[in-house]
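Remember, the working numbering sits 144 above the position in the sequence shown when you count from 1.
Glycine is no exception: its CB is placed at the ideal position from the N, C-alpha and C atoms.
Quick caveat: nothing in here was measured; it's all calculated off a predicted structure.
Take a look at the structure set out below.
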Amino acid sequence: MLKSLNQEISGLASLMTPRPESAEKGGAMKPLNDPKIPARIVIIGGGSYNWAPTIVNDILLTPSLNGSTIILEDISPEPLKIIGELSRKMIADKGSDCRIRTTTDEAEALQDADFVIVTISTGGFETMANDLEIPARYGVNQTVGDTVGPGGLARALRSIPVLVNIAKHMEKQCPRAWLINITNPMSTLCLAIKKTTKIKTIGLCHELQGVLFIVKSMVGLPETTKLDFTVAGVNHFIWLLRLSMNGRDGFQMLRQWSKNPTPFRVHDQDVKEMFAPSTIDHAKLKIELFKQLGYLPAAGDRHIVEFFEGYLKDVAQTEFRYQIKPTSIKERGESWLAAMRAYVHGMLEGNFPLPHEKSTETISEILAALAGGINPIIDVVNLPNTGQIKNLPNDCVVETLGTISLNSAEPCEPIGLPGPICDLILPHAENQSLIVQAALGGDRSAALEYLRRDPLSRNSSNPKKMLDDLLLAHRRYLPQF
């Protein structure tokens, strides 16, 4: 099983020592290893068949979080009930001292919380279908549509007000709590919270973990390979700028492999679940970009391709050349969700075994480190840019390595992006503020300006009409417009 990033980065975490003064930044939070003060961990979207069982299982297998109260909140009572029952079965199976509560009342869930994990999809699969189908009518093809492009814009317009409201409610009911966001579009959601509230926020994404495992598989190194690397960018468009594997130059190893690429398969099931089934064993686009630029994009190819203008003009050619296949809403809804639902019910009914190991996600370790229950760890995090990427604007959220310790999440050393990489990332970093402006104020002109600047959206034959159609289709979720 793939290890968490702080285990991957050889020696770094073990050299870190706690910094007690960091607790003063957001008010004193006592370590959770004191059994008298167990944590209150809220999962907004706690009825998620995808995320909630994994998060709960990992919390139960994190010793310093034992005794915590886990509150599952969701607007859908039926899946919430199912996930609640499964969570209680997991607790009994593990002999854990944690407790589970379920509620459809957000205010009740947030009261006195220590951590609030947000995993929601405003509008669900129906709105995602519009995010893909409407732009396609105007010549904008998308493989995912959840980060940039017109789909990323539409999703942000729906979700930013919801996330901001959650954060504002936290200011009243749990002002010292941390908001852990795992909802897309990651960058703009985190930026909106930063601009409108004082709630401490971290965004977490697992794409890098999968890419690191793929790279090791390519060059034939075992899972236990020690890695040391520098990574920076914006969510779903981060780049490995330096890579060492067991003390050897990882980029040189990758260049050597790419001269005569041998077939590789990723066997780790956890990693497979991170990526679309149609692309997990392919990395042709990132390898081509690595050859051209000397640095490796560290996300799935179906995400990377959307940050460029040209690749998706001819979807059939892109699929043939790079094996990048758009994931349809039918595939996501009928296949993935159905499989996850069946798996959850199977565990609940005893047809599938309950998990007894932690997943590759690092959410529970982040919580434990923030609470002071374990030593500081290093992980990849999304935070407002305060200089950790020196040649990107401060008015954006960036993804780099950061140190997580008692009530503190701080970026590691400042990084300057190489010129060609900065040129690719900068437009997307600058566009974040336009999306947030549009979402918070119902600003059509800002939304339209985004579509004119975004590389992928520039393929639209009529950006204004495309925007009008998206706003009309999603009007139920866009009262600000």
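**Q.** the stretch 365 to 374 in contact with the stretch 525 to 543 per 3-pair CB rule at 8 angstroms
**A.** no
Q. Distance, Cα to Cα, residue 288 vs residue 223?
A. Their backbone Cα atoms lie some 25 angstroms apart in a straight line.
(Q) If we require 4 or more residues per run, which alpha helix (DSSP H) segments fall completely within the stretch 444 to 524? (A) 445 to 448, 459 to 466, 482 to 493 and 507 to 514
Q.
Could you check whether residue 199 and residue 217 sit closer than 8 angstroms to each other, using their CB atoms as the reference points?
A. no
**Q.** Top-ranked residue by Cα proximity to residue 191, from 513, 399, 439 and 264
**A.** Closest by alpha carbon: 264.
(Q) Counting C-beta neighbours from all protein chains within 10 Å, is the total for residue 272 16 or more, i.e. buried, or is it exposed? (A) buried
**Q.** Distance between residue 186 and residue 347 (C-alpha atoms, nearest Å)
**A.** 16 angstroms
Q: Would you mind listing the beta strand (DSSP E) stretches within the stretch 256 to 310 that are 3+ residues and don't spill past its ends, in chain order?
A: 259 to 262
Q | Environment of residue 391 [buried if 16+ CB atoms lie within 10 Å] | A | exposed
Q: Compute the Euclidean distance between the alpha carbons of residue 154 and residue 378, then round it to the nearest angstrom.
A: Note that residue 154 scores 40 on pLDDT, short of 50, meaning its location in the model is unreliable; the coordinates nonetheless yield the value given after this. Using only the alpha carbons, I get a separation of about 24 angstroms.
Q.
Strictly by DSSP, which residues pair up with residue 553?
A. 548
(Q) Taking 8 angstroms as the cut-off, does the stretch 546 to 555 touch the stretch 511 to 520 (at least 3 CB pairs, one atom from each stretch)? (A) yes
**Q.** Spatially closest choice to residue 407 from 362, 380 and 367, by CA coordinates
**A.** 362
Q.
For residue 388, tell me which candidate among 375, 380, 382 and 381 has the shortest Cα-Cα distance.
A. 375
Q.
Is it buried or exposed, residue 219, if we count other Cβ atoms within 10 angstroms and call 16 or more buried?
A. With fewer than 16 other Cβ atoms within 10 Å, it is exposed.
Q | Three-way DSSP call (helix, strand, coil) for residue 190 in this model | A | coil
Q: Would you give the residue range spanned by the alpha helix (DSSP H) that residue 232 belongs to?
A: 221 to 238
**Q.** Simplified DSSP assignment, three categories, for residue 408
**A.** The answer is coil: DSSP assigns residue 408 none of H, G, I, E or B.
**Q.** Terminal residues of the alpha helix (DSSP H) in which residue 591 lies
**A.** First-last of the alpha helix (DSSP H) with residue 591: 588 to 597.
(Q) Which complete beta strand (DSSP E) runs does the stretch 313 to 348 hold, if anything under 3 residues is left out? (A) Runs of beta strand (DSSP E) with 3 or more residues, each lying fully within the stretch 313 to 348, are found at 322 to 325 and 344 to 347, listed in chain order.
Q) Under a three-way DSSP split, which group does residue 207 fall into? A) Helix.
Q) Should residue 380 be labelled buried (16 or more other beta-carbon atoms within 10 Å of its own) or exposed? A) If you draw a 10 Å sphere on the C-beta of residue 380, you find 16 or more other C-beta atoms in it, and that means buried.
Q: Could you tell me which of 478, 258, 477 and 455 sits nearest to residue 469, measuring between CA atoms?
A: 455
Q: Compute the Euclidean distance between the alpha carbons of residue 183 and residue 243, then round it to the nearest angstrom.
A: 10 angstroms
**Q.** chain B contact for residue 399 (CB, 8 angstroms cutoff)
**A.** Looking at the structure shown, chain B is missing, and only one protein chain is on hand.
Q. Going straight from the alpha carbon of residue 534 to that of residue 604, what length do you get?
A. 32 angstroms
Q: Tell me residue 214's beta-bridge partners as DSSP assigns them.
A: 185 and 244
(Q) Please tell me whether residue 298 and residue 618 are closer than 8 angstroms, where the distance is taken between their beta carbons. (A) yes
Q: Please state whether DSSP places residue 393 in a helix, a strand or coil.
A: strand
Q. So, are the CB atoms of residue 338 and residue 555 less than 8 angstroms apart?
A. Against a cut-off of 8 angstroms, the Cβ pair of residue 555 and residue 338 comes out as no contact.
Q.
I'd like the list of long-range same chain contacts for residue 636, defined as Cβ closer than 7 angstroms, with 5 residues on each side in sequence excluded.
A. Any answer about residue 636 is impossible in this case: the structure gives the chain only from 145 up to 625.
Q. How about residue 624 and residue 504: do their beta carbons lie closer than 8 angstroms?
A. no
Q) Rounded to a whole number of angstroms, what is the C-alpha to C-alpha distance between residue 560 and residue 537? A) 12 angstroms
Q) Which of helix, strand or coil does DSSP assign to residue 622? A) coil
Q) How many angstroms separate the CA atom of residue 332 from the CA atom of residue 428? A) 28 angstroms
Q) Would DSSP call residue 606 helix, strand or coil? A) coil
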